[in-house]
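Note sheet for the following structure.
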Amino acid sequence: MSNRFEMTDKAEPNATPDGDTPKVALITGAARRIGAEIATQLHAAGFNLILHYNRSANDMQALSETLNATRAESVVAAKADLCDMAELRALAEHALAQWQRLDLLVNNASSFYPTPVGEITEDDWDNLLGTNLKAPLFLSQALAEPLRRNRGCIINLADIHAERPLSGHPVYCAAKAGNVMLTKSLAKELAPDVRVNGIAPGAILWPESDGELTEEDKSKILRKIALKRIGSPADIARTIRFLATEAPYVTGQIIAVDGGRNLVS
37 MSNRFEMTDK
47 AEPNATPDGD
57 TPKVALITGA
67 ARRIGAEIAT
77 QLHAAGFNLI
87 LHYNRSANDM
97 QALSETLNAT
107 RAESVVAAKA
117 DLCDMAELRA
127 LAEHALAQWQ
137 RLDLLVNNAS
147 SFYPTPVGEI
157 TEDDWDNLLG
167 TNLKAPLFLS
177 QALAEPLRRN
187 RGCIINLADI
197 HAERPLSGHP
207 VYCAAKAGNV
217 MLTKSLAKEL
227 APDVRVNGIA
237 PGAILWPESD
247 GELTEEDKSK
257 ILRKIALKRI
267 GSPADIARTI
277 RFLATEAPYV
287 TGQIIAVDGG
297 RNLVS
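In short: position in the sequence shown from 1, add 36, done, that's my numbering.
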């Protein structure tokens, strides 16, 4: 196992008031932004959580402490580089060891940055395909059996740009297109015991990098959205909560949470 992998100590089982052990979810890329909101929503729904992060240690510590203050010993954090297969396998093993069960895998972690043709490197390919396609596949494979035992589910974060190419991002778009087909293929392969669905977010959060989008850029994006506004991380998290807890007859679907972006040419 790579020495980059770190994990908190094993948590004690956390029983619900009726004596049942809570369902358990592993969420990748859970420290910040959409991932943190997914964690908060699922924790409120009663899940115990294994929260993966790579570089955002301070954010993860704050989130874990906040959620554990609400319900003691219900959250553990796991650090791993998902492009490192040894660390990915270790993440799967340790996630299962926490409460000896797994009910939900949310493949949220994603690299996203432009790769204009003529400037694409092999490292770009490995990173973007690794986080957006390879890691979801191999985590799903590693955790398929425990998910089968609990008739669990997998939810992948796709992107509306899996179907509508984003200028300057051919490698990212190709990775997300693969993610969509992976979702549908896994739904077929793991049925009837494991449901597999995807969510394709539209404009949810503006990029954090200063100057990446001008106000005019933002206005152009908003004009292409039927609801004329960006969404919020809660829109994604609520959809994941629905798929995980209230949609037992839904599998193999990609749900666009995009404010009607797909309606506007």
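Backbone N, C-alpha and C fix where the C-beta goes; we use that ideal spot for every residue, glycine too.
Cβ-Cβ distance between residue i and residue j below 9 Å
i: L193; j: V142; result: yes
i: R277; j: A131; result: no
i: L183; j: L140; result: yes
i: R200; j: V230; result: no
i: A67; j: A93; result: yes
i: A211; j: T157; result: no
i: A61; j: N84; result: yes
i: L226; j: A180; result: yes
Boundaries (first-last residue) of the alpha helix (DSSP H) holding residue i
i: H79; result: 69 to 80
i: N215; result: 206 to 226
i: P269; result: 269 to 281
Nearest-angstrom Cβ-Cβ length linking residue i and residue j, presumed shorter than 8 Å
i: H88; j: I63; result: 7 Å
i: A262; j: L299; result: 5 Å
i: I266; j: A239; result: 4 Å
i: V112; j: I74; result: Wrong, their Cβ atoms sit about 16 Å apart, outside the cutoff.
i: L78; j: A280; result: 7 Å
i: G214; j: N144; result: With 8 Å as the limit, G214 and N144 do not qualify as a contact, their Cβ atoms being about 16 Å apart.
Any non-hydrogen atom of the ligand NAD closer than 8 Å to residue i Cβ
i: N94; result: In the structure on display, the ligand NAD does not appear, and there are no ligands present to speak of.
Counted within 10 angstroms of its Cβ, other Cβ atoms place residue i as buried (16 or more) or exposed
i: Q97; result: exposed
i: D56; result: exposed
i: Q177; result: exposed
i: L241; result: exposed
i: S110; result: buried
i: D195; result: buried
i: N163; result: buried
i: Y208; result: buried
i: G296; result: exposed
i: S203; result: exposed
i: K254; result: exposed
N- and C-terminal bounds of the beta strand (DSSP E) containing residue i
i: I290; result: 290 to 293
i: L258; result: Careful: L258 lies outside any beta strand (DSSP E), inside the alpha helix (DSSP H) at 251 to 259.
i: V60; result: 60 to 63
i: R231; result: 231 to 237
- Query: Which parts of the segment 103 to 158 are runs of the alpha helix (DSSP H), unbroken and 4 residues or longer, counting only runs that do not cross its ends?
  - Reply: 121 to 135
- Query: Which parts of the segment 159 to 197 are runs of the beta strand (DSSP E), unbroken and 3 residues or longer, counting only runs that do not cross its ends?
  - Reply: 189 to 193
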